[in-house]
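At the far end of the sequence shown sits residue 243, using the numbering used here, and the numbering has no gaps.
For reference, the structure discussed in these notes is given below.
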Amino acid sequence: MQLFYTQEIKGKEIILDETESKHAVKVLRLSAGNKVQVVDGAGGFYTAKITESHPKKCKLSILKSHKEFGKRRFKLHMAIAPTKNIDRFEWFLEKATEIGIDEITPLLCEHSERKNIKPDRLEKILVSAMKQSVKAYLPKLNPMIPFNKFITFNEVSRKYIAHCNDGDKPHLKNEIKTEKNVLILIGPEGDFSPEEVEKAKTNGFREISLGQSRLRTETAGVVACHIVNLVNE
C-alpha cells in the first residue's frame, strides 16, 4: 500500500499537497476508492481511502488511525557540521532518518568549509527518507547556528562531542544509557579545533570516541546514530 505525507488533517479528512497529489494521481494512477497509508510527521499513521483524486488537492477519508506510531522512549539530537560536498550531508540526513533520529542542527564551526544550506531541499530529503523507512515522525531540522552559540543553551544532561584529537576517550557505546535523551556534536572535515573542544567541555559536553578508524563527517554521524539506536533496542 502506498505511503504519503501531509500535515493537513482535519477530523476524518486528509488533504495531500500538490506534490503528493500529483504523485498519487498522475504517477501512481490512483483514483477514488483506492486505499493508501498516510503519515503526518508527528506520530500519526493513517489508513485512508481516496474520495477525490484531484492532481493538485487529493482528498482522503480516514478509515483507521494510529497515534504515536513507532514512538521511542528516548530522543536523539545531533548537531553536525554540513560537509563541503552537500551530497554527503544529504546522504547523512537520509540514513540517519532511516535509522532513527529526532532533531538535527547544522553547525557552523571554525573549520567549516560549508557556510550555508538550503533547508527546503533538505526537508524534502527527510520526508522522503521518513516515508521510505515507514516512520511517522519527521526529524526536526533546525537553522544553521554557530558552534559557540549552540553549545551554551542546551539542557540535555547527556551530551557528547566526538573528535579525533589526541587523548584517551571512552567509546560512545559505553556512555549511552537506555531511554535517555542524547545530544551529540559531530565536526566538519577538518574536525573541531582544540579551542572548540575545550569550550564544549566547559559547557558540559563529554568527549567520546566512535572507534579507531578516522571517519568522514557524514559517516561519523551515521555511526553515532546507529550506536545510540542499537543500545536502545
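In this text, a Cβ means the ideal position worked out from N, Cα and C, and glycines have one as well.
At least 3 beta-carbon pairs within less than 8 angstroms: the region 141–152 vs the region 174–190 = Contact fails between the region 141–152 and the region 174–190, because fewer than three Cβ pairs, one in each stretch, are under 8 angstroms apart.
In terms of alpha-carbon separation, which member of Val-241, Arg-39, Ile-19, Phe-157 lies closest to Gly-53?
-> Considering only alpha carbons, the answer is Ile-19.
Which of helix, strand or coil DSSP assigns to Thr-227 = The three-state secondary structure of Thr-227, taken from DSSP, is helix.
For Ser-31 and Pro-65, believed in contact at Cβ under 8 angstroms, the rounded distance = Indeed, because the Cβ distance is near 6 angstroms, the residues count as touching under 8 angstroms.
For Leu-117 and Phe-163, believed in contact at Cβ under 8 angstroms, the rounded distance | Phe-163 to Leu-117, Cβ: 14 angstroms. No contact.
Which parts of the region 57–109 are runs of the alpha helix (DSSP H), unbroken and 4 residues or longer, counting only runs that do not cross its ends?
-> Those alpha helix (DSSP H) runs which fall completely within the region 57–109 and span 4+ residues are 96–109.
Taking Glu-189 as the reference, which of Pro-92, Arg-168, Glu-199 has the closest Cα?
-> Per the Cα distances, Arg-168.
Nonlocal neighbours in the same chain, by C-beta distance under 8 angstroms from Ser-219, ignoring five residues either side | Counting only Cβ-Cβ distances below 8 angstroms, and skipping sequence neighbours, we find Ala-172, Lys-179, Pro-180, His-181, Leu-182.
Asn-135 (DSSP reduced to helix, strand or coil) | It is Ile, not Asn, that sits at residue 135 in the sequence shown. In the displayed model, Ile-135 falls within a helix according to three-state DSSP.
Any idea which residues DSSP pairs Ser-115 with across the strands?
-> Looking at the sequence provided, one finds Thr at residue 115 rather than Ser. In DSSP, Thr-115 forms a bridge with Ala-89.
Is Thr-93 closer than 9 angstroms to Arg-216 when the C-beta atoms are compared?
-> No, Cβ-Cβ distance for Arg-216 and Thr-93 is not below 9 angstroms.
At which residue ranges does the region 137–220 contain complete beta strand (DSSP E) runs of 3 or more residues, listed in the order of the chain?
-> Within the region 137–220, the beta strand (DSSP E) runs of at least 3 residues that lie entirely inside it are, in chain order, 169–172, 192–196, 216–218.
DSSP-derived helix/strand/coil call for Leu-40 | In the structure shown, Leu-40 sits in coil (DSSP, three-state: anything other than H, G, I, E or B).
In chain order, what residues of the same chain have a beta carbon less than 8 angstroms from the beta carbon of Asp-50, not counting five sequence neighbours either side?
-> Cβ within range, chain order: Tyr-15, Thr-16, Gln-17, Ile-19, Tyr-56, Ala-146.
Just the Cα atoms here: how many angstroms apart are Leu-136 and Ala-230?
-> Across the structure, Leu-136 and Ala-230 are spaced so that their CA atoms are roughly 18 angstroms apart.
Taking the alpha helix (DSSP H) that Lys-32 falls in, what are its first and last residues?
-> Taken as a continuous stretch (DSSP letters only), the alpha helix (DSSP H) holding Lys-32 covers 28–32.
I think Ala-58 touches Ser-71, with their Cβ atoms under 8 angstroms apart; what is that distance to the nearest whole Å?
-> The pair is a contact, with the Cβ atoms about 6 angstroms apart (cut-off 8 angstroms).
Out of curiosity, what's the CA-to-CA distance linking Glu-104 and Lys-125?
-> Distance between the alpha carbons of Glu-104 and Lys-125 is about 21 angstroms.
Rounded C-alpha distance that separates Asp-201 from Asn-213 | If you take the alpha carbons of Asp-201 and Asn-213, they lie about 19 angstroms apart.
Is the beta carbon of Thr-115 sitting closer than 9 angstroms to the one on Ile-155?
-> Judged by their CB atoms, Thr-115 and Ile-155 are nearer to each other than the 9 angstroms cut-off.
Which stretch, first to last residue, makes up the beta strand (DSSP E) that contains Gln-47?
-> Per DSSP, the continuous beta strand (DSSP E) segment holding Gln-47 begins and ends at 45–49.
Of the choices Arg-224, Gly-177, Glu-123, Leu-195, whose alpha-carbon is the least far from that of Ala-210?
-> Distance check between Ala-210 and each of Arg-224, Gly-177, Glu-123, Leu-195 places Leu-195 closest, using alpha-carbon atoms only.
For Glu-108 versus Lys-85, is the C-beta distance shorter than 9 angstroms?
-> No, these two residues do not count as a Cβ contact at 9 angstroms.
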